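*Asks:* For reference, the structure I am asking about is given below.
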Amino acid sequence: MQRQIEMLQRQRQLLDSAVVNARTNAVTHAIDLTKGFYVHFSNGYNPMSHPEQSRQAETFLRGIMRKDAICSEFQGVDLFLSQYQMATESHASMRVFVHEIVVVNQDLSSKDNSIQILAKATARFRVSRTTLEKLFPRIIDDEELTQQLIGKEYAIQYDKVFHFKHGRVFQHESQVDFCNSMLEMAQNPFVAMKLLEASLMTKHGHLKLDSNIEEDMNQLDNTAL
């Protein structure tokens, strides 16, 4: 009887160890995929100007993100790509630098076998006339201000959380500090306020360019931000 108990205990230990190892490997894989995302999209996504780089980035993204992946303001990998494409094409340049990638909410996410990966990054943009026409449409009528802004850079500090399950992203969240970005670029609180009021960017950092993007239209589960 004692031998049977000891055997069952060893089997349980082996099973627990296998579960822990599988979880550790899954977390490591999710972190690696998140790093890969920021490598592929470090200069944005512009199929017209950089077709080969964009093709590789799109293939990578579709490989790690479910077709119906959801966030608070839209759903689908196609809209995710279109957001990056519009942000890239609407600026003279776009560069993304990731500072930290960590797993968060391990106790909560392990209950449903999901993995939440937080990436802290900075996106730097150079303003062009197209930027103001597309993303700040009410500003373009002020030619004096337009000329002051063209060529300037602004940086957005933003956090991104990818929710993984079975090795793919099924949900994502973002949080941006757009107010300070505009203030640092404008160096004038009144101009910064004017830019914020004219901007088509949501509080989560997405661009309200059509009816498919609506602030807080989707309710997310187990949010981290």
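In our numbering, the protein residues as written are 450 to 674.
All C-beta atoms, glycine included, are put in the ideal place defined by N, C-alpha and C.
Predicted, not measured: the structure shown is a model, and the values here were computed from it.
Closest by CA to L530, which one among Q668, N667 and H655?
*Replies:* Comparing Cα positions, the closest option is H655.
*Asks:* Using only alpha-carbon positions, find the residue among V618, F639 and Y603 that is nearest to V625.
*Replies:* The shortest Cα separation from V625 among V618, F639 and Y603 belongs to Y603.
*Asks:* With H, G and I counted as helix, E and B as strand and the rest as coil, what does DSSP make of D608?
*Replies:* Reduced to three states, the DSSP call for D608 is strand.
*Asks:* Does DSSP classify M543 as helix, strand or coil?
*Replies:* Strand at M543.
*Asks:* With a Cβ-Cβ cutoff of 8 Å, do L567 and V551 count as a contact?
*Replies:* Yes, the pair counts as a contact, with Cβ atoms nearer than the cut-off.
*Asks:* Is the Cβ-Cβ distance between T508 and F611 less than 8 Å?
*Replies:* It is not a contact, given that the beta carbons lie outside the stated cut-off.
*Asks:* Which residues in the same chain have their Cβ closer than 6 Å to the Cβ of H489, if we skip the five residues on either side of it in sequence?
*Replies:* Correct list, in chain order: A506 and F509.
*Asks:* Where does the unbroken alpha helix (DSSP H) through M666 begin, and where does it stop?
*Replies:* No alpha helix (DSSP H) contains M666, which DSSP labels as neither H nor E.
*Asks:* Could you pull out every residue in the same chain whose Cβ sits closer than 8 Å to the Cβ of R504, ignoring the five residues on either side in sequence?
*Replies:* So the list reads P496, once near-sequence residues are dropped.
*Asks:* Got a sec? Which residues, its chain only, sit under 6 Å from E646 by beta carbon, not counting five neighbours each side?
*Replies:* Correct list: empty, nothing qualifies.
*Asks:* Could you tell me whether the region 531 to 546 touches the region 571 to 586, using the rule of 3 or more Cβ pairs below 8 Å?
*Replies:* They touch, by the three-pair rule.
*Asks:* Nearest-angstrom Cα distance between Q596 and K614?
*Replies:* The straight-line gap from Cα to Cα measures roughly 47 Å.
*Asks:* Going by other Cβ atoms of all chains shown within 10 Å of its Cβ, with 16 needed for buried, is T672 buried or exposed?
*Replies:* Answer is exposed; the Cβ neighbour count stays below 16.
*Asks:* Between S563, M634, Y487 and D659, which has its C-alpha nearest I605's C-alpha?
*Replies:* For the residues S563, M634, Y487 and D659, the minimum Cα distance to I605 belongs to M634.
*Asks:* Where are the alpha helix (DSSP H) runs, 4 residues long or more, that stay fully inside the region 486 to 552, in chain order?
*Replies:* Listed in chain order, they are 500 to 513 and 526 to 538.
*Asks:* Measure the beta-carbon distance from L584 to L598 and round it to whole angstroms, keeping in mind my assumption that it falls under 8 Å.
*Replies:* Not confirmed; about 11 Å, so no contact.
*Asks:* Just tell me which of S491, N554, P586 and Q565 has its CA closest to the CA of V545.
*Replies:* If we check each option's Cα against that of V545, S491 comes out closest.
*Asks:* Could you pull out every residue in the same chain whose Cβ sits closer than 7 Å to the Cβ of R617, ignoring the five residues on either side in sequence?
*Replies:* I513, M514 and R515, listed in sequence order.
*Asks:* Determine the burial state of E501: buried for a count of at least 16 other Cβ atoms within 10 Å of its Cβ, exposed for fewer.
*Replies:* The residue in question, E501, is exposed, as its Cβ has fewer than 16 Cβ neighbours within 10 Å.
*Asks:* Can you tell which of S498, K569, H499 and D670 has its C-alpha closest to the C-alpha of I480?
*Replies:* Taking only the C-alpha atoms, the option nearest I480 is K569.
*Asks:* For the alpha helix (DSSP H) containing K643, name the first residue and the last one.
*Replies:* Here the alpha helix (DSSP H) through K643 covers P638 to A647.
*Asks:* So E549 packs on T651, CB below 8 Å; how close in whole Å?
*Replies:* Rounded, the Cβ-Cβ distance is 24 Å, inconsistent with contact.
*Asks:* Which partner residues does R617 have in the DSSP bridge list?
*Replies:* Beta-bridge pairing links R617 to K614.
*Asks:* Verify whether the separation of the beta carbon atoms of A641 and I564 is less than 8 Å.
*Replies:* Result no, Cβ atoms of A641 and I564 do not sit closer than 8 Å.
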